[in-house]
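Engineer:
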Amino acid sequence: MMTAARRGFLMMALVSSMAVLACAKKAAPVARPMPPPAPTTTPTTAPRPPAPPEPVAAPTVVPPEPVREDAITSASLDDLNRNSPLKPVFFALDSDVLSAEAQKALDDAAALLKRYPSWAVTLEGHCDERGTAEYNLALGERRAVAARAYLVSVGIPADRLRTVSYGKEFPFDPGHDDAAWAKNRRAHFVVTAK
Amino acid sequence: MTKTFFTAGAFAIGVLAAWPHAQQPPAAPQQPTDVVTTITSDGGAAPRLAVPDFIALTKDAETVAIAKQIGQVLWDDLAFEKEFAFIPRDTYGSIPPATSFADVPFDRWRELNADGLIVGTVQKTGATIKVEMRLYIVRTRVSSFGREYTSANARLVAHTISDEIHKSQRALNGVARTKLTFDSDRDGERMGGTVESRGVKEIYTSDYDGENQRRITVGRTLNIAPRWSPDVRSIAYTSYRRGGAHIFISNIFAGTLDEVTQGSTSGENWLPAWSPDGTRIAFTSTRDGNPEIYITNRDGSNVRRLTIHPGIDITPTWSPSGTQIAFTSDRSGSPQIYIIGADGLGLVRKTSESYCDRPTWSPAPYNEIAYASRSGPGFDIRILDMAAGQTRTLTFGEGTNESPAFSPNGRHLVFTSTRAGKTHVFTIGRDGKNVRQITRAGNNYEPDWSR
Chain A
37 MMTAARRGFL
47 MMALVSSMAV
57 LACAKKAAPV
67 ARPMPPPAPT
77 TTPTTAPRPP
87 APPEPVAAPT
97 VVPPEPVRED
107 AITSASLDDL
117 NRNSPLKPVF
127 FALDSDVLSA
137 EAQKALDDAA
147 ALLKRYPSWA
157 VTLEGHCDER
167 GTAEYNLALG
177 ERRAVAARAY
187 LVSVGIPADR
197 LRTVSYGKEF
207 PFDPGHDDAA
217 WAKNRRAHFV
227 VTAK
Chain B
247 MTKTFFTAGA
257 FAIGVLAAWP
267 HAQQPPAAPQ
277 QPTDVVTTIT
287 SDGGAAPRLA
297 VPDFIALTKD
307 AETVAIAKQI
317 GQVLWDDLAF
327 EKEFAFIPRD
337 TYGSIPPATS
347 FADVPFDRWR
357 ELNADGLIVG
367 TVQKTGATIK
377 VEMRLYIVRT
387 RVSSFGREYT
397 SANARLVAHT
407 ISDEIHKSQR
417 ALNGVARTKL
427 TFDSDRDGER
437 MGGTVESRGV
447 KEIYTSDYDG
457 ENQRRITVGR
467 TLNIAPRWSP
477 DVRSIAYTSY
487 RRGGAHIFIS
497 NIFAGTLDEV
507 TQGSTSGENW
517 LPAWSPDGTR
527 IAFTSTRDGN
537 PEIYITNRDG
547 SNVRRLTIHP
557 GIDITPTWSP
567 SGTQIAFTSD
577 RSGSPQIYII
587 GADGLGLVRK
597 TSESYCDRPT
607 WSPAPYNEIA
617 YASRSGPGFD
627 IRILDMAAGQ
637 TRTLTFGEGT
647 NESPAFSPNG
657 RHLVFTSTRA
667 GKTHVFTIGR
677 DGKNVRQITR
687 AGNNYEPDWS
697 R
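From first to last, the protein sequence lines are chains A and B. No gaps in the numbering here: position 34 of the first sequence is 70 in this note's numbering, and each next residue is one more. No gaps in the numbering here: position 380 of the second sequence is 626 in this note's numbering, and each next residue is one more.
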């Protein structure tokens, strides 16, 4: 390519010098040698058409690296939420206080969210059936907000974290005993974008 | 013999002297605790009514069935308010049924000690029925009240007769034509777009007695906590159809849907409550960071914040005059009932129990707030009498009992209970008597009673 351009340049230099010489004799032949300057400009624009493919190639190169690392990024959103790497955070009765265990779960979640900075998640607040349906809407919201506030405090951008409260509408375990209730008092992660 | 007859006659005169002239509005409807007393005591102010099957003017099976149904529904409607004493229907068998208004055997009804007798005729004319009804004073054989109805809906005719008899004879606004609304998972539909299998809840309506249960919403999402508009043409509720929780109004006759919290992009909006004039809606929102009470116009304009506290403020209900709002707040550490002026002033705490929620303010003339109060493992319905400053308990641990709402005349409440297994809607008298199960399918929650 470069050699071709150089050759073209030399040719043009030759032709133009000849033209200058010829110009002294007659003007007509000058029109024919003139086109070569255009080819000299096209070589400089020629590298550009190959450039657009480059951005397309770049993203395809970057993702394969995490894929080789783990299966999470290759999973669809549904698969991701079905076997979520973001573990739910559990709460005590009538409480939105984050226990040491809950903070550990949130630290793990924060690490994942930092590793996959494109993920957006919704934090769902849930309650067990022992409160009233109405007040539990607020209690669930408080739990979701508490988990969100913790994640923001450890450096996750707030705009990646939405909250919604379902009160006691969607128990994880439909049972009516302490074990079931403990599972139902939770903040649950749903990945909404990746 | 003579003596006995004389006593009975004197009794009848004493009762009937007051009854046909409705000009003396009895104190009874204002104070139902007295109603109970009068029905069971010897004083006997409650007239004794007989409600036989209506007379089918044509003897085809359909008309006969309608005539029987109207008599039965009317009996149930009248019995619901306990304004009259009733001659049991199974004792009517000995009395020859009348074939028209002309041959009513008044002598025989007097033998059964009836003061009043409701006689009606049913005639089928094409798709509609024509019903003529008269309320007779048995002793004088005079009709003190009579009406004609033309309708395609036999139950509605019976409900209308009941309401008009209560209005004209007892100066009472009956509830026979009122409606209930609640949310239910009965259709077993699953929510789309979630990984966990989650059941949807949809809004339903029914007559006050549980008949005509109909589904209103088809959101395939959570639609909860419905509230009738005062004109009974719309239902406001909390819906997750837009992702988070927001407040929608279904105009059930126009078939249209309005979103009240349309402009709300951050935070959730729950639990709408109509102002008594239907122009405004109080609700809970987290738009400013934590649950607070707000008031907005029906169209979503002019949103005004009412409470300011880092605790939870939720579940608003309006006073009958529209000047105050009762709500639940956990600012003291546990959920309790508070009252605040609709202008945001005059906050007062009203309960000091372990856990109270879902206050519902009674209609006038009562000044009461019903709420769910934690009692042991579950909740029971309690009523706070605002004038006396006293509370009374309506349910006593029969399952867990939640979400009370008053009937428009204040004499009954609707609520949910797990006493029959799943969560179902029940009605109960404000005296805690006369419990009636309304729903039987699925789980049913957060009922409301129309005006």
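Think of the CB as a built atom: it goes at the ideal place given N, C-alpha and C, for glycine as much as any other residue. The model shown is predicted, which means the values in this text are computed figures rather than measured ones.
Is the beta carbon of I560(B) less than 9 Å from the beta carbon of I571(B)?
Structural biologist: Taking 9 Å as the Cβ cut-off, I560(B) and I571(B) do not qualify as a contacting pair.
Engineer: Residues in the same chain with beta-carbon distance under 6 Å from L303(B), minus the five sequence neighbours each way, listed in chain order, please.
Structural biologist: Closer than 6 Å at the Cβ level, and outside the excluded window around L303(B), lie T367 and Q369.
Engineer: Compare the C-beta of A137(A) with all C-beta atoms of chain B and state if any pair is closer than 9 Å.
Structural biologist: Residue identity check: residue 137(A) is Glu in the sequence provided, not Ala. Answer no: the Cβ-Cβ gap between E137(A) and chain B never drops below 9 Å.
Engineer: Using the Cβ count rule (16 or more neighbours within 10 Å means buried), how would you classify S131(A)?
Structural biologist: Burial call: exposed.
Engineer: Pair every Cβ in the segment 572 to 592 of chain B with every Cβ in the segment 551 to 558 of chain B, then say whether three or more of these pairs are closer than 8 Å.
Structural biologist: In short, these stretches touch, since the Cβ pair count reaches three.
Engineer: Look at N647(B) and R676(B) and say whether their C-beta atoms are less than 9 Å apart.
Structural biologist: For N647(B) and R676(B), no; Cβs fall outside 9 Å.
Engineer: Helix, strand or coil: how does DSSP classify D431(B) here?
Structural biologist: Coil.
Engineer: Kindly identify the DSSP beta-bridge partner or partners of E538(B).
Structural biologist: Bridge partners of E538(B): S531(B).
Engineer: How would you call S663(B), buried or exposed, if buried means at least 16 neighbouring beta carbons within 10 angstroms?
Structural biologist: When all chains shown are included, S663(B) counts as buried.
Engineer: What are the partner residues of Q582(B), as DSSP defines its beta bridges?
Structural biologist: Paired residue(s): S575(B).
Engineer: Run through chain A and tell me which residues come within less than 8 Å of L552(B), C-beta to C-beta.
Structural biologist: The premise fails here: L552(B) is roughly 15 Å from chain A at the closest Cβ pair, so nothing lies under 8 Å.
Engineer: What's the gap between the Cα of T109(A) and the Cα of G557(B)?
Structural biologist: For T109(A) and G557(B), the distance between alpha carbons rounds to 40 Å.
Engineer: By the 10 Å Cβ neighbour count, where 16 or more other Cβ atoms means buried, how is T685(B) classified, buried or exposed?
Structural biologist: So T685(B) counts as buried.
Engineer: Express the C-alpha separation of S600(B) and Y617(B) in angstroms, rounding to a whole number.
Structural biologist: For Y617(B) and S600(B), the distance between alpha carbons rounds to 13 Å.
Engineer: DSSP three-state call for I407(B): helix, strand or coil?
Structural biologist: DSSP places I407(B) in helix when its eight states are reduced to three.
Engineer: On the three-pair Cβ rule with 8 Å, is the segment 520 to 540 of chain B touching the segment 467 to 476 of chain B?
Structural biologist: Because the criterion of three Cβ pairs below 8 Å is met, the segment 520 to 540 of chain B and the segment 467 to 476 of chain B touch.
Engineer: How many whole angstroms separate the CB atoms of R479(B) and N458(B), which I take to be in contact at a CB cut-off of 8 Å?
Structural biologist: The pair is not a contact, with the Cβ atoms about 17 Å apart (cut-off 8 Å).
Engineer: On a CA-only basis, which of P153(A), L129(A) and S120(A) is nearest A141(A)? Give me that one, please.
Structural biologist: The shortest Cα separation from A141(A) among P153(A), L129(A) and S120(A) belongs to S120(A).
Engineer: Under 8 Å: do the segment 210 to 220 of chain A and the segment 170 to 184 of chain A share three or more Cβ pairs, one atom per stretch?
Structural biologist: Result no; under three Cβ-Cβ pairs closer than 8 Å.
Engineer: If you draw a straight line from the alpha carbon of L503(B) to that of R487(B), how long is it in whole angstroms?
Structural biologist: Taking the straight line joining both Cα atoms gives about 12 Å.
Engineer: Against S189(A), what residues of chain B qualify as contacts under a CB-to-CB distance less than 8 Å, listed in chain order?
Structural biologist: Chain B residues near S189(A): none, gap ~16 Å exceeds 8 Å.
Engineer: Is V226(A) helix, strand or coil by DSSP?
Structural biologist: Three-state result, V226(A): strand.
Engineer: Quick check: the Cα distance between F672(B) and V188(A), rounded to an integer number of angstroms?
Structural biologist: Using only the alpha carbons, I get a separation of about 45 Å.
Engineer: Counting only C-beta atoms, is P693(B) closer than 9 Å to chain A at any point?
Structural biologist: P693(B) does not count as touching chain A.
Engineer: How would you list, in chain order, the residues of chain B whose beta-carbon sits under 8 Å from the beta-carbon of S201(A)?
Structural biologist: By Cβ distance, chain B contributes A491 and E514.
Engineer: Can you name the residues of chain A whose CB is closer than 9 Å to the CB of I560(B)?
Structural biologist: Residues of chain A passing the Cβ test: E170, Y171, L173 and A174.
Engineer: Within 10 angstroms of the Cβ of A491(B), are there 16 or more other Cβ atoms? Answer buried if so, exposed if not.
Structural biologist: Flag for A491(B) reads buried.
Engineer: Whose C-beta lies closer than 6 Å to the C-beta of T507(B) among residues of the same chain, with five residues either side of it excluded?
Structural biologist: Hits under 6 Å: H492, I493 and N515.
Engineer: Are any of the Cβ atoms in chain B nearer than 9 Å to that of F206(A)?
Structural biologist: Taking Cβ atoms only, chain B reaches closer than 9 Å to F206(A), which makes this a yes.
Engineer: Which value, in whole angstroms, describes the spacing of the CA atoms of T2(A) and R221(A)?
Structural biologist: Look at the range of chain A in this structure, 37 to 230, and you will see that residue 2(A) is not part of it.
Engineer: Any beta carbon of chain B sitting closer than 9 Å to that of G167(A)?
Structural biologist: Chain B, which has a Cβ nearer than 9 Å to the Cβ of G167(A), makes this yes.
Engineer: If I measure Cβ to Cβ from S510(B) and keep anything under 8 Å in the same chain, skipping five residues before and after, which residues do I get?
Structural biologist: Taken in chain order, the residues that qualify are H492, S531 and R533.
Engineer: Whole angstroms are fine: how far does the CA of E160(A) sit from the CA of R179(A)?
Structural biologist: Using only the alpha carbons, I get a separation of about 8 Å.
Engineer: Can you give, in chain order, each stretch of the beta strand (DSSP E) that sits fully within the segment 143 to 205 of chain A and has at least 3 residues?
Structural biologist: Those beta strand (DSSP E) runs which fall completely within the segment 143 to 205 of chain A and span 3+ residues are 156 to 161 and 197 to 201.
Engineer: Which residue from G513(B), A633(B), T406(B) and I481(B) puts its Cα closest to that of A500(B)?
Structural biologist: Answer by Cα proximity: I481(B).
Engineer: Should S443(B) go down as buried or exposed, given a rule of 16 or more other Cβ atoms within 10 Å for buried?
Structural biologist: When all chains shown are included, S443(B) counts as exposed.
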